[in-house]
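Asker:
Numbering (the UniProt record's numbering), first residue to last: 1 to 395.
1) What does residue 338 pair with, by DSSP beta-bridge criteria?
2) Does the segment 367-383 come into contact with the segment 325-336, if we say contact requires no fewer than three beta-carbon pairs (one atom in each stretch) closer than 8 Å?
3) Hey, quick one: how far does the alpha helix (DSSP H) through residue 240 stretch, first residue to last?
4) By how many angstroms is the C-alpha of residue 240 removed from the C-alpha of residue 227?
5) Between residue 114 and residue 101, what straight-line distance do the alpha-carbon atoms span, to the nearest angstrom?
6) Quick one: Cα of residue 156 to Cα of residue 132, how far?
7) For the segment 342-358 and the segment 244-263, state whether three or more C-beta atom pairs, one from each stretch, are separated by less than 8 Å.
8) From 223, 224, 360 and 343, pick the residue whose C-alpha is nearest to that of residue 268; which is it?
9) Whole angstroms is fine: what's the gap from residue 104's alpha carbon to residue 97's?
10) Across which residues does DSSP place residue 313 in a beta bridge pair?
11) With H, G and I counted as helix, E and B as strand and the rest as coil, what does DSSP make of residue 93?
12) Work out the CA separation of residue 93 and residue 67 for me, nearest whole Å.
13) What number of angstroms, rounded off, separates the C-alpha of residue 340 from the C-alpha of residue 324?
14) Need the endpoints of the alpha helix (DSSP H) that residue 265 sits in, please.
15) Just to confirm, is the Cβ distance from residue 383 to residue 316 under 9 Å?
16) Among the candidates 126, 359, 77 and 122, whose CA atom is the shortest distance from the CA of residue 237?
17) How long is the line joining the alpha carbons of residue 337 and residue 388, rounded to whole angstroms?
18) Indicate the three-state DSSP secondary structure (helix, strand or coil) for residue 366 in the structure shown.
19) Could you tell me which of 109, 271 and 59 sits nearest to residue 335, measuring between CA atoms?
20) Assuming contact is defined by CB atoms lying nearer than 9 Å, are residue 244 and residue 231 in contact in what I supplied?
21) Here's the rule: buried if 16 or more other CB atoms are within 10 angstroms of the residue's CB, otherwise exposed. What is residue 75?
22) Return the chain-ordered ranges of every alpha helix (DSSP H) run that is complete within the segment 45-126 and spans a minimum of 4 residues.
23) Could you check which residue in 255, 73 and 286 has the C-alpha nearest to that of residue 377?
24) Quick one: is residue 117 buried, meaning 16 or more other Cβ sit within 10 Å of its Cβ, or exposed?
25) Using the three-state DSSP reduction, which class does residue 219 fall into: helix, strand or coil?
26) Buried or exposed for residue 381, going by 16 or more other Cβ atoms inside 10 Å?
27) Using 9 Å as the threshold, is the C-beta distance between residue 353 and residue 285 below it?
28) Quick one: using the 10 Å Cβ neighbour count with 16 as the cut-off for buried, is residue 86 buried or exposed?
29) So is residue 385 buried or exposed if we call it buried at 16+ other beta carbons inside 10 Å?
30) Give the secondary structure of residue 352 by DSSP, where H, G and I count as helix, E and B as strand, and everything else as coil.
31) With C-beta atoms as the reference, is residue 278 less than 9 Å away from residue 345?
32) Does the distance from the C-beta atom of residue 159 to that of residue 363 stay below 9 Å?
33) Here's the rule I'm using: 16 or more other beta-carbon atoms within 10 Å means buried, otherwise exposed. How should residue 390 be labelled?
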């Protein structure tokens, strides 16, 4: 049995060992030429052809990998390029939109600037026109103020020079002489509830005896009534035209009311209101050669369209008299012809209101007693006129 076992080869190495070495060498791809065992167990190097095939295989594999990498890179770059193009298009559109907005804003700004400049020029022109108008009105107003101040100064002078014992004849025309009153009558004009009531006209009634006179020529003795004086002093502390005060309430009850109480009661109330509001106008009827009219044409004594002294009924008393004057209540009222007696009663009340207005406005610089006696004199005129006495113009 032992003899049957083959003995190892003594000269060359075993074949199995050589095959293992060749296998390992081929596996490791040793760049050195491979050796392999053939026939008689001898090993020889591989050929150059096999080595070239392996190199070509490697190169081909690398080229394939590089190509794949290039294709993938190209694809990525292409995608990035497309995205950049899209983004660029969007930015171009946004830039175009913003450019349009900018152009629109610039146009609106130009239009607004032009409108503002035009409006500013218009405002400047209007301001210049208003300034010129205001300056003109200011000059006119200053001129009027100067005239009014001169008139007020003259009026104050007249009021200060008037006393109860020696009243100023310019403030009280009824005290003027016949010639002066005649001159005033021929001048004509309007009388609006002021003390300058003009001259009293003549009446067709019987002339009064020369001995009868409203004002006494001689000096009169007088004594202050304590009750009336106390009421006047209380009113003088806060002068007003409010008839609720005891002073004016007494005068309304005792003097003004009876003096303006006529037959035509409704018209009498209107006359009293006009006197209180300082809106009554008394004017003479212009003398003309107009023919006389029938009495029936002027039955009510109202406006008849004729400006001549005519025989007609007095609008207040209802009696037929030669009416040389007419009155108007307010600026737009109708004219009413009045008799000389009615005119005297109205002017007496007007003189009283004029004087207390002077006191209220601070134009009277007399002491309290002098003002009180002037008020009493005016009250006496109202009483005398109420009793039917009035002065006539002998010219």
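Cβ coordinates follow ideal geometry from the N, Cα and C atoms, glycine included.
Answerer: Quick answer:
1) 325
2) no
3) Segment: none, residue 240 is in no alpha helix (DSSP H) and carries neither H nor E.
4) 19 Å
5) 20 Å
6) 36 Å
7) yes
8) 343
9) 11 Å
10) 320
11) helix
12) 38 Å
13) 7 Å
14) 265-276
15) no
16) 359
17) 18 Å
18) coil
19) 271
20) no
21) exposed
22) none
23) 255
24) exposed
25) coil
26) buried
27) no
28) exposed
29) buried
30) helix
31) no
32) yes
33) buried
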